[in-house]
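In my numbering, the protein residues as written are 139 to 514. Everything below concerns the one structure shown next.
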């Protein structure tokens, strides 16, 4: 009987450990395959039920046959409950708490009392309605929702990829409830609890249906630039819980070598050495083609046009505001000498912004977009 119970103990703990590792950062520390993570998440309910049924059997048989001491059984029960918590609630409900439906915002004047001029902010502007999302305040929630310019929006941020992307949260015409799950290949994955879908942030694609989220262009700039450009804008406000302060300190320390080019998790190919691994780039992806722009590309010019997937794109470096923007353009004029202001306006109208991936380390951009081009 004891041997049979030990087998049940082993099975339950293996299931618990596998699910706990896959759905926390542990899976990436051991380079768990991406497909494993997604599959284990898909069947996490079945895994949890199986683990709990095995645990109940262990406890019942052990108590009935007086196999283990109360201390051993208590430690075992705590381990099973801990695995249940890690698999189902740790990341989305305790550690990285999405604020898709309960985000709060403040005025520029209020935020200016708390932010430094150099603080990094992610800017979402739709029809003149602007929001700033300070990077430091997005590190834990990762997701913040709002209505901007009359549109439902969510700003997402992956600290590992250093990537802010904004989306329309309505997927396939249905409302969503986004929660953080974990990350794979140094990029955020989140789930929609309404549909059960998993979404990879960098690809904006749902894993099971392959539906693509609609993106909104995001521009990155220092706080002082947002204040100057959008004085009537609003600023995302995040009030950390007591235990969040320890997490933020851990993030800051752990990210230093990561942003310097030493990936925190060994899940990147690191085969493309055209740029230094840690160099932060501006990336753009149109249809099936990708291009990365580095700071060196602006060494002797402030704006230039590239062609990607038969589409011309104007990059502009607004040195005064320490920000870069990208716009879709046509052949109607010489855009490399046309003055375009930081709002995208020029003498004949306003340009459409392109979705810009701002701040990604080269090692992560080139992993996800291995066929990426560089500016000639």
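Idealized CB from N, CA, C, for every residue including glycine.
Contacting residues, own chain, Cβ-Cβ under 6 angstroms from residue i (five flanking each side not counted)
i: residue 322; result: 172, 175
i: residue 410; result: 504
i: residue 372; result: 243, 269
i: residue 230; result: 317, 318
i: residue 462; result: 420, 455
i: residue 292; result: 238, 281, 283, 305, 307
i: residue 514; result: none
Sequence-distant residues of its chain with Cβ nearer than 7 angstroms to residue i (five each side left out)
i: residue 165; result: 159, 175, 320
i: residue 353; result: 303, 304, 305, 342, 493
i: residue 498; result: 299, 300, 301, 418, 419, 421
i: residue 147; result: 196, 214
i: residue 169; result: 404, 405
i: residue 114; result: Residue 114 lies beyond the residue range present for the chain, which begins at 139 and ends at 514; the question has no answer from this structure.
i: residue 290; result: 306, 307, 308
i: residue 473; result: 443, 452, 467
i: residue 208; result: none
DSSP bridge partner residues for residue i (one or two, in chain order)
i: residue 318; result: 328
i: residue 466; result: 451, 490
i: residue 258; result: 360
i: residue 242; result: 375
i: residue 272; result: 259
i: residue 212; result: DSSP output for residue 212 lists no bridge partner at all.
i: residue 291; result: 284
i: residue 206; result: Residue 206 is not bridged to any residue.
i: residue 175; result: DSSP output for residue 175 lists no bridge partner at all.
i: residue 443; result: 452
i: residue 264; result: 267
i: residue 296; result: 301
i: residue 162; result: Answer by DSSP bridge pairing: none, since residue 162 is not bridged.
i: residue 350; result: 343
Integer Cβ distance of residue i from residue j, believed to fall under 8 angstroms
i: residue 488; j: residue 468; result: No, residue 488 and residue 468 are not in contact; Cβ-Cβ is about 14 angstroms, not under 8 angstroms.
i: residue 253; j: residue 357; result: With a Cβ gap of about 17 angstroms, residue 253 and residue 357 do not count as contacting.
i: residue 511; j: residue 428; result: 7 angstroms
i: residue 280; j: residue 234; result: 5 angstroms
i: residue 189; j: residue 220; result: Going by Cβ atoms, the distance from residue 189 to residue 220 rounds to 11 angstroms, so no, they are not a contact pair.
i: residue 363; j: residue 310; result: So it is not a contact: roughly 36 angstroms between Cβ atoms.
i: residue 200; j: residue 143; result: 6 angstroms
i: residue 397; j: residue 275; result: Not a contact, Cβ separation roughly 18 angstroms.
For residue i, three-class secondary structure by DSSP
i: residue 372; result: strand
i: residue 498; result: strand
i: residue 473; result: coil
i: residue 306; result: coil
i: residue 395; result: helix
i: residue 252; result: coil
i: residue 235; result: coil
i: residue 512; result: strand
i: residue 478; result: coil
i: residue 195; result: helix
i: residue 341; result: coil
i: residue 421; result: strand
i: residue 381; result: coil
i: residue 335; result: strand
i: residue 430; result: strand
i: residue 151; result: helix
i: residue 277; result: coil
i: residue 301; result: strand
i: residue 484; result: strand
i: residue 390; result: helix
i: residue 180; result: helix
i: residue 415; result: coil
Status (buried if at least 16 other CB within 10 Å, exposed otherwise) for residue i
i: residue 448; result: exposed
i: residue 198; result: exposed
i: residue 288; result: exposed
i: residue 440; result: exposed
i: residue 383; result: exposed
i: residue 259; result: buried
i: residue 332; result: exposed
i: residue 277; result: buried
i: residue 496; result: buried
i: residue 248; result: exposed
i: residue 256; result: exposed
i: residue 430; result: buried
i: residue 115; result: Outside the displayed span of the chain (139 to 514) sits residue 115, for which this structure offers no information.
i: residue 413; result: buried
i: residue 407; result: exposed
i: residue 486; result: exposed
Spatial neighbours of residue i in its chain, beta-carbon cut-off 8 angstroms, leaving aside the 5 residues before and after
i: residue 370; result: 246, 268
i: residue 186; result: 157, 222, 225, 226
i: residue 265; result: 287, 288
i: residue 400; result: 415, 416
i: residue 368; result: 246, 261, 263, 268, 270
i: residue 339; result: 294, 296, 299, 301, 303, 325, 326, 327, 328
i: residue 149; result: 192
i: residue 177; result: none
Proximity test, Cβ basis, 8 angstroms: residue i and chain C
i: residue 244; result: Absent here is chain C; the protein component of the structure consists of one chain.
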